[in-house]
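Under full-length UniProt numbering, residue 374 is the last one in the sequence shown; the count climbs by one each step, no gaps.
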Amino acid sequence: MVKFAEFGVEAWLNRWEKQARYDISQSTIASMTLAELFQLTGDDLPSFLATATQMPENYGWIEGSPDFKTAVAKLYQQLSQTNILQTNGATGANLLAILALIEPGDHVIAEYPTYQQLYDGPKALGATVDFWHLHPETNWQPDLTELRRLLRPNTKLICLNNANNPTGTILSRDTLAAVVQLAARVGAYVLVDEVYQPFAAPQVVPIVDLYERGISTNSLSKTYSLPGLRIGWLASPDQHLINQVRKLRDYTMICGGVLNDQFATYALQHRETILARNRALIQANYASYQNWLQQEPLLSLQQPALVSTSFPRLAINEPTQAFCLKLLKATGVLLVPGEAFGQPGYVRLGYCAPQATLQAGLTRLSYFLHHPSV
Ligand SMILES: Cc1ncc(COP(=O)(O)O)c(C=O)c1O
């Protein structure tokens, strides 16, 4: 039987997020309403809906509409519609890629820590998974010599998250090129979950622009602030992989939904407008977060470029999970304890919450840190 481990971060959020008054745990850049999206673009939401609701609610374009695929293909240098499949979020894309590739006994290398699906997914399917560690001592950078040591003749897949949840680590073009060189030696695929776009240099180079066995997964959930649409995609130059995933889609999702496809396509067609909103938000929040960090001695963080997740260390004398629970109950502030990522002692702090939530959350967090008995 296939046995999946409990998904630490999702289980924590499912259990606690609706109880939070000041949710500074999330990695999405402040989610938008559809009304806000249309305010930003200046288009008329009622007219859009009037047209959209004329479409029959059948299964629509099974693999994603041609307009959706065209908008996605533009994000990559050399891909066309045939290289793209719509999925239920990036989680859907990751799962389908892993299901398509992994058989019991395969060897997989996964960046660690990261989004749990990327290592426990292959493990559940019977792969042996080795971690390519990000090291806290070097501000969560990996070491290529370690990857060289981990590589085996039967390495089937290397799973990366660029930029990384929770640490924010960005793998540069040079690092990715070195990964590709190693992967190509043994014919391994490289799956990169690219849901977090950094809003400062260096930008993430999509793996599909570097490697014919590269798989880029992405979605509207993080960089584009629309997780409720549940639309993502998988892109790859490798037509064999695309065909495998195409088959699996029929077993798992069929399609992404007619209305959701239309909103997702609209959002991607107005990508620059959304990115401008999010760049302004992340810059402003980053500045207040840094100011707060400077006067808060119990948290330490070397935050990389403007990526929407942050993973500070807490200088406290108790397990971070117990602390996070007490914090939530006493103040309504929600963080994700590092335990959810296998990294006790740290917390994921989502500083791209709406400004007012961030300010109130940080103030209460500081107060609680210094007056834990409240
Ligand atoms: C790396 C990573 N991939 C995927 C997801 C989920 O994405 P989606 O909402 O597109 O399924 C998350 C959410 O936290 C994530 O951190």
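Even glycine gets a Cβ: it sits at the ideal position worked out from N, Cα and C.
Buried versus exposed, by CB contacts within 10 Å (16 or more), residue i
| i | result |
| --- | --- |
| Lys156 | buried |
| Gln86 | buried |
| Asp193 | buried |
| Ile242 | buried |
| residue 417 | The chain is shown from 1 up to 374; residue 417 falls before or after that span and cannot be answered. |
| Ala287 | exposed |
| Pro227 | buried |
| Asn14 | exposed |
| Glu373 | Strictly speaking, residue 373 in this sequence is Ser, with Glu absent from that position. Burial call: exposed. |
| Ala97 | buried |
| Met32 | buried |
Delimiting residues of the alpha helix (DSSP H) encompassing residue i
| i | result |
| --- | --- |
| Leu147 | Leu144 to Leu150 |
| Asp250 | Gln239 to Thr252 |
| Ala360 | Gln355 to His370 |
| Phe7 | Counting along the chain, Phe7 falls outside any alpha helix (DSSP H), and DSSP gives it neither H nor E. |
| Tyr119 | Gln117 to Ala124 |
| Ala188 | Counting along the chain, Ala188 falls outside any alpha helix (DSSP H), and DSSP gives it neither H nor E. |
| Asn94 | Gly89 to Leu101 |
| Asp130 | Counting along the chain, Asp130 falls outside any alpha helix (DSSP H), though it belongs to the beta strand (DSSP E) covering Thr128 to His133. |
| Cys324 | Thr320 to Thr331 |
| residue 397 | Any property of residue 397 remains undetermined from this structure, which presents the chain solely from 1 to 374. |
Boundaries (first-last residue) of the beta strand (DSSP E) holding residue i
| i | result |
| --- | --- |
| Glu63 | Premise fails: Glu63 is in no beta strand (DSSP E) and is neither H nor E. |
| Ser219 | Gly214 to Ser219 |
| Phe48 | That residue, Phe48, is in no beta strand (DSSP E); its alpha helix (DSSP H) goes Leu45 to Ala52. |
| Tyr112 | His107 to Tyr112 |
| Thr155 | Thr155 to Asn161 |
Nearest neighbour of residue i, chosen from the options [CA to CA]
| i | options | result |
| --- | --- | --- |
| Gln117 | Leu229, Glu6 and Ile84 | Glu6 |
| Phe48 | Asn260, Arg364 and Thr320 | Asn260 |
| Val108 | Lys123, Leu96 and Ala100 | Lys123 |
| Asp106 | Pro153, Ser65 and Ile62 | Pro153 |
| Asn162 | Glu146, Arg148 and Pro142 | Pro142 |
| Gln78 | Phe341, Ala90 and Ser216 | Ser216 |
| Cys255 | Ile62, Asn58, Asn139 and Ala287 | Ile62 |
| Gln343 | Ala127, His135, Pro46 and Leu13 | His135 |
| Val180 | Tyr211, Arg364, Leu150 and Leu358 | Tyr211 |
| Arg148 | Arg173, Glu137 and Arg185 | Arg185 |
| Val307 | Ala353, Leu327 and Glu296 | Ala353 |
| residue 401 | Ser221, Ala50 and Val204 | Residue 401 lies beyond the range of the chain shown here (1 to 374); nothing can be said about it. |
| Leu299 | Gln244, Val333, Leu369 and Lys247 | Leu369 |
| Glu10 | Arg21, Thr91 and Ala100 | Thr91 |
| Leu64 | Tyr76, Gly89 and Thr51 | Looking at the sequence provided, one finds Gly at residue 64 rather than Leu. Of Tyr76, Gly89 and Thr51, the residue nearest in Cα terms is Gly89. |
| Leu358 | Leu13, Trp12, Asn14 and Asp23 | Asp23 |
| Arg21 | Ser373, Pro372, His371 and Leu365 | Leu365 |
| Thr41 | Thr145, Gln290, Ala178 and Glu272 | Glu272 |
| Met1 | Gly126, Leu281 and Ala100 | Gly126 |
| Gln239 | Ala30, Leu75, Ala100 and Gln290 | Ala100 |
Neighbourhood of residue i by C-beta, 8 Å cutoff - its chain only, sequence neighbours within 5 removed
| i | result |
| --- | --- |
| Lys3 | Ala124 |
| Gly187 | Arg213 |
| Thr28 | Ser221, Lys222, Ser225, Pro227, Ser308, Gly350 and Cys352 |
| Leu95 | Gln117, Gly121 and Thr252 |
| Arg173 | Pro202, Val205 and Leu210 |
| Thr175 | Pro142 and Leu144 |
Other residues of its chain near residue i: CB distance less than 7 Å, five sequence neighbours each side excluded
| i | result |
| --- | --- |
| Val347 | Pro312, Leu314, Thr320, Cys324, Leu335, Val336, Pro337 and Gly338 |
| Phe263 | Leu34 and Leu229 |
| Ala71 | Thr265, Leu268 and Gln269 |
| Ala93 | Thr87, Thr217, Gly232, Trp233 and Leu234 |
| Gln355 | Ala284 and Asn285 |
| Glu318 | none |
| Leu45 | Leu34, Ala35 and Phe38 |
| Trp16 | Leu328 and Leu334 |
| Ala200 | Ala305 and Leu306 |
| Pro166 | Pro113, Thr309, Phe311, Phe341 and Arg348 |
6 Å CB neighbourhood of residue i in its chain, flanking five on each side removed
| i | result |
| --- | --- |
| Tyr224 | Ala267 and Ile274 |
| Ile316 | Phe323 |
| Ala183 | Ile158 and Val190 |
| residue 386 | There is simply no residue 386 to check, as the chain begins at 1 and stops at 374 in what is shown. |
| Ile207 | Val190, Val192, Gly214 and Ser216 |
| Lys69 | Gln81 and Ile84 |
| Val129 | Val108, Ala110, Tyr119, Pro122 and Lys123 |
| Leu362 | Trp292 |
| Val258 | Met55, Glu57 and Gly60 |
| Ala340 | Gly8, Val9 and Trp12 |
Reduced DSSP category for residue i - H, G, I as helix; E, B as strand; rest coil
| i | result |
| --- | --- |
| Gln197 | coil |
| Phe38 | helix |
| Trp292 | helix |
| Lys69 | helix |
| Gly232 | strand |
| Thr167 | coil |
| Tyr286 | helix |
| Arg348 | strand |
| Ile24 | coil |
| Ile29 | coil |
| Val208 | helix |
| Gln302 | coil |
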